[in-house]
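Residue numbers (our numbering), protein chains in the order written: chain A, 136 to 556; chain B, 136 to 556.
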């Protein structure tokens with residue numbers, strides 16, 4: 136009996152080249168990528184992935200929501216597979232790394248294992264999840280949502296874009312309406328991703344061990360005052376909806392600051408009516424996005440916001456209506472998988488930082504059906520969903536090496552497939 | 136030699152009927168009027184006015200910017216005429232009274248003088264000023280602006296609407312491109328108008344003696360922060376343009392309140408970029424409308440706003456750009472004319488309130504070339520530029536009777552034209 140081979144390093148320049156090559160499909164003049172889910176560009180990127188995966192020795196298949204699975208067989212076909220992946224759809228005017236990195240890091244692991252003739256015990260699989268971004272079809276994280284039972288297949292297939300075209304129609308059109316809709320057994324799921332925030336860069340860390348994700352509560356707020364002429368209406372006689380709204384806009388931020396460091400409060404969307412220079416606004420709509428590490432904090436933030444609303448309503452002749460439009464509970468990734476990411480990072484020579492994901496990711500859906508974890512790498516200035524999104528080649532390599540270790544530890548290296556190679 | 140006749144009262148129901156009749160041209164389902172300057176509807180209203188004025192014994196003529204003058208001859212043709220008037224164009228979805236009231240009150244005075252066979256010493260004239268509202272063509276108060284030299288005739292004629300059609304083209308099309316472009320001699324100008332604010336109603340006064348108009352300084356403010364993802368970006372790492380903007384939005388109102396009662400501060404227009412629920416706003420544009428009774432106050436308000444901007448810029452990595460886009464100096468109407476309005480109101484049995492106009496009016500332009508004054512009457516809830524704009528019949532009558540007295544005092548009643556009538 137020979138010694139088991141050690142875990143190989145991935146080929147960083149090859150991974151980088153693949154990221155750059157895939158980014159040519161839908162490349163924007165500003166250096167980014169605009170490749171919305173289920174468009175012709177998405178089809179081209181999907182076909183490219185399948186071609187590369189087959190060249191790396193994987194079998195590929197597509198499920199009923201268009202998720203692509205590229206499997207490398209292990210020695211024990213009865214064991215459930217270890218999954219890794221992310222998505223290759225982008226925002227309009229998005230970047231080269233968001234999603235694509237996790238998919239191509241997985242592909243690079245397949246290639247490196249093949250190069251090193253390494254056989255794993257369990258099957259391993261790279262997944263491309265359909266429509267993570269939600270830019271064209273709602274809900275976002277659709278493919279992983281259907282896979283994990285968060286969203287029904289029929290609801291997903293009947294979702295329509297702003298032109299009225301459905302997911303089902305587009306899947307058929309681009310040739311990615313597969314037949315396997317029952318999710319297969321999964322041992323665990325690992326997703327490498329750019330952080331999309333500034334924390335790793337500011338703390339000068341290469342690897343983030345993602346311990347969980349912030350809970351989110353989204354609201355629509357409507358403030359109704361009384362529209363009147365900006366000139367003849369004395370300040371004491373006004374019912375200015377924008378003034379009341381601006382108090383709330385500030386309150387949202389104060390609330391998040393009071394629950395530092397892992398709370399967030401954002402007003403991103405504002406509509407003022409009638410939006411005329413010399414008319415006191417009669418109505419203002421705005422969005423509220425509250426996030427926190429645990430449900431208690433999230434609920435405290437929402438309660439405090441409601442208290443401020445009551446105070447404003449008592450002091451001013453203003454109506455304020457707050458409606459919750461979306462809620463995602465705070466979650467923690469599987470402790471064993473998180474520990475494995477931490478151990479793998481340290482084995483690879485990094486001093487990782489525990490981090491909470493502020494954004495949604497396919498891994499959050501997967502965590503409902505399998506032990507899951509994520510590996511973050513820094514992105515320049517924390518910028519994402521932007522054409523200038525950038526990650527350093529060294530960091531791209533580092534994250535993929537940590538992913539390689541997680542997969543090999545979890546799947547088990549059982550031997551060298553073809554020592555004569 | 137007989138006694139001079141006393142000043143007659145106007146026919147309130149007839150004036151009310153004329154207001155309602157004119158409001159049928161461009162009537163909206165919501166009970167208002169939508170009759171933009173130089174449209175077919177404006178043409179119809181102009182022709183109706185000319186017909187009525189001729190029936191009341193007036194000679195009519197049109198000047199080069201389309202202002203309509205309806206003159207009733209007095210005994211001394213060498214004396215300059217006493218003018219009264221307003222406008223009959225409306226806002227889209229405007230009301231029945233704004234502008235129309237001042238014109239039709241003038242017309243009613245012509246009718247009442249004729250009914251009572253009263254001859255004045257000076258000529259008197261009702262004017263319909265072109266495009267006061269500015270809803271279709273900028274600048275607003277165009278006809279009175281050209282008449283008083285605030286705006287050149289050629290600039291006014293070449294102004295274009297959003298479809299690219301010019302004022303000159305539309306005047307020709309509707310048959311109101313007159314030839315008299317040199318303003319004639321004017322003794323004085325009186326304009327009756329609804330207040331468009333709540334002050335008279337709240338103080339339970341019927342007549343407002345308008346002593347002047349608030350100065351206005353209009354600004355465009357652009358706040359530039361940095362667009363980033365609402366989830367992964369900790370509060371401490373944000374450059375949220377909307378947060379900075381909301382401080383300024385509140386400051387604009389505080390400033391006006393600190394210079395009570397005759398200062399105003401309004402943010403009416405806001406645009407947030409990219410205006411997405413889960414993106415921290417990178418850029419916010421908003422309008423600032425500051426008004427005050429005197430230039431010193433107006434300048435203090437603007438300086439204080441600039442100080443707040445400097446403080447925000449020092450404390451946050453935010454750029455703020457404030458550009459002045461329009462400035463109208465504070466003005467006082469002619470003391471004699473204002474005193475005449477006050478005296479006329481008291482003669483007619485009212486306890487008038489001195490009031491400062493917060494809005495622009497043709498009289499503000501006329502004041503540059505002739506002694507001028509305005510008479511305000513209440514409007515329900517202070518609402519104007521709105522289909523539900525409403526004035527009480529008693530108030531409509533009262534304002535016209537005060538206007539009648541101003542005109543008769545200024546023009547001089549010299550006799551009964553045709554005692555046998």
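The beta-carbon is built from N, C-alpha and C at its ideal position, and this holds for glycine as well.
Indicate whether at least one CB of chain B lies closer than 8 Å to the CB of residue 353/A.
At least one chain B Cβ lies under 8 Å of residue 353/A.
Residue 136/B by DSSP, collapsed to three states: which one?
Residue placement at residue 136/B is flagged as unreliable, the pLDDT there being 45, under the threshold of 50; the coordinate-derived value follows with that caveat. Coil at residue 136/B, not helix or strand.
Helix or strand or just coil, what does DSSP make of residue 239/A?
Three-state result, residue 239/A: helix.
In terms of residue numbering, what span does the beta strand (DSSP E) encompassing residue 425/A cover?
Element bounds for residue 425/A: 418-427.
From the DSSP output, which residues share a beta bridge with residue 541/B?
According to DSSP, which records beta bridges pairwise, residue 541/B is partnered with nothing at all.
Just the C-alpha distance for residue 480/A and residue 192/A, rounded to the nearest angstrom, thanks.
Going by the C-alpha atoms only, they are around 27 Å apart.
Based on Cα-Cα distance, which residue from 363/A, 263/A, 303/A lies nearest to residue 205/A?
The option with the nearest alpha carbon to residue 205/A is 263/A.
Are the C-beta of residue 556/B and some C-beta of chain A separated by less than 8 Å?
Interpretation of residue 556/B is limited by its pLDDT of 41, a score under 50 that renders its predicted location unreliable; the figure taken from the coordinates is listed afterwards. False, the Cβ-Cβ gap to chain A never drops below 8 Å.
How would you list, in chain order, the residues of chain A whose beta-carbon sits under 8 Å from the beta-carbon of residue 426/B?
Those within 8 Å of residue 426/B in chain A are 365, 366.
Can you have a look at residue 224/B and say buried or exposed, based on whether 16 or more other CB atoms are within 10 angstroms of its CB?
Label assigned to residue 224/B: buried.
Mind listing, in chain order, the continuous alpha helix (DSSP H) runs of no fewer than 4 residues lying wholly within the region 291-370 of chain B?
The qualifying runs are 302-309, 334-338.
Work out the CA separation of residue 475/A and residue 482/A for me, nearest whole Å.
Cα-Cα distance, rounded: 10 Å.
Give every residue of the same chain whose Cβ lies closer than 8 Å to the Cβ of residue 280/A, excluding the five residues on either side of it in the sequence, and list them in chain order.
Closer than 8 Å at Cβ, skipping near neighbours: 274, 286, 291, 500.
Tell me the rounded alpha-carbon separation between residue 555/B and residue 210/B.
Note that residue 555/B has pLDDT 45, beneath the 50 cutoff, so the model's placement of it is unreliable and no number is given.
Are the C-beta atoms of residue 136/A and some chain B residue less than 8 Å apart?
The pLDDT assigned to residue 136/A is 45, lower than 50, so where the model puts this residue is not dependable; a value taken from the coordinates is nonetheless given after this. Not an interface residue.
Would the beta-carbon of residue 419/B be found less than 7 Å away from any heavy atom of the ligand HEM?
Among the components of this structure there are no ligands whatsoever, and the ligand HEM is therefore not found.
Got a sec: is the Cβ-Cβ distance from residue 287/A to anything in chain B below 8 Å?
Taking Cβ atoms only, chain B never reaches closer than 8 Å to residue 287/A, which makes this a no.
Tell me the start and end of each unbroken beta strand (DSSP E) in the region 372-442 of chain A that is at least 3 residues and wholly inside, in chain order.
Whole beta strand (DSSP E) segments, 3+ residues: 399-401, 405-408, 418-427.
Among 322/A, 512/A, 284/A, whose alpha-carbon lies nearest the alpha-carbon of residue 214/A?
With distances taken between Cα atoms, residue 214/A lies closest to 322/A.
Taking the alpha carbon of residue 161/B as the point to measure from, which residue in 143/B, 180/B, 399/B has its own alpha carbon closest?
It is 180/B whose Cα lies nearest to the Cα of residue 161/B.
Just checking my contact of residue 169/A with residue 228/A at CB under 8 Å: how many whole Å lie between their CB atoms?
Confirmed, about 6 Å.
Could you compute how far the alpha carbon of residue 136/B sits from the alpha carbon of residue 549/B?
No answer about residue 136/B holds up, because its pLDDT of 45 lies below 50 and its placement is not dependable.
Using a threshold of 8 Å, state whether the C-beta atoms of residue 265/B and residue 202/B are closer than that.
Cβ distance < 8 Å, so residue 265/B and residue 202/B count as in contact.
With the cut-off set at 8 Å, would you say residue 383/A and residue 453/A are in Cβ contact?
No; because the gap between Cβ atoms is not below 8 Å, this pair is not in contact.
List the residues of chain B whose Cβ lies closer than 8 Å to the Cβ of residue 388/A, in chain order.
Those are 370, 375, 378, listed as they occur along chain B.
Could you please tell me which residues of the region 474-503 of chain B, in chain order, have their CB closer than 8 Å to any CB of chain A?
Flagged, chain order: 492, 493, 494, 495.
Give me the subset of the region 404-436 of chain A whose CB atoms are less than 7 Å from a CB atom of chain B, sorted by chain position.
Under the 7 Å Cβ criterion, the region 404-436 of chain A contributes 404, 405, 407, 410, 411, 412, 413, 414, 415, 416, 422, 424, 426.
Would you kindly work out how many angstroms separate the C-alpha atoms of residue 308/B and residue 261/B, rounded to a whole number?
Roughly 24 Å between the two C-alpha positions.
Among residues of its own chain, excluding the 5 on either side of residue 155/B, which ones have a beta-carbon nearer than 6 Å to its beta-carbon?
Here the set comprises nothing.
Please check if any C-beta of chain A sits within less than 8 Å of the C-beta of residue 396/B.
Closer than 8 Å: yes.
Under 9 Å between beta-carbons, which chain B residues line up against residue 385/A? List them in chain order, please.
Correct list: 378, 381, 382, 385.
By a C-beta neighbour count over all protein chains shown, 10 Å radius and 16 as the cutoff for buried, is residue 139/A buried or exposed?
Flag for residue 139/A reads exposed.
Looking at chain B, is there any beta carbon in it that lies within less than 8 Å of the beta carbon of residue 222/A?
By this cut-off, residue 222/A is not an interface position.
Hey, could you find the ends of the alpha helix (DSSP H) residue 473/B is sitting in?
Run containing residue 473/B: 470-482, per the alpha helix (DSSP H) assignment.
Please list the residues of the region 321-343 of chain B that have a C-beta atom closer than 9 Å to any C-beta atom in chain A, keeping them in chain order.
The residues in question are 330, 331, 332, 333, 334, 337.
Find the nearest neighbour of residue 269/A within the set 198/B, 411/B, 282/B, judged by alpha-carbon distance.
Closest by alpha carbon: 411/B.
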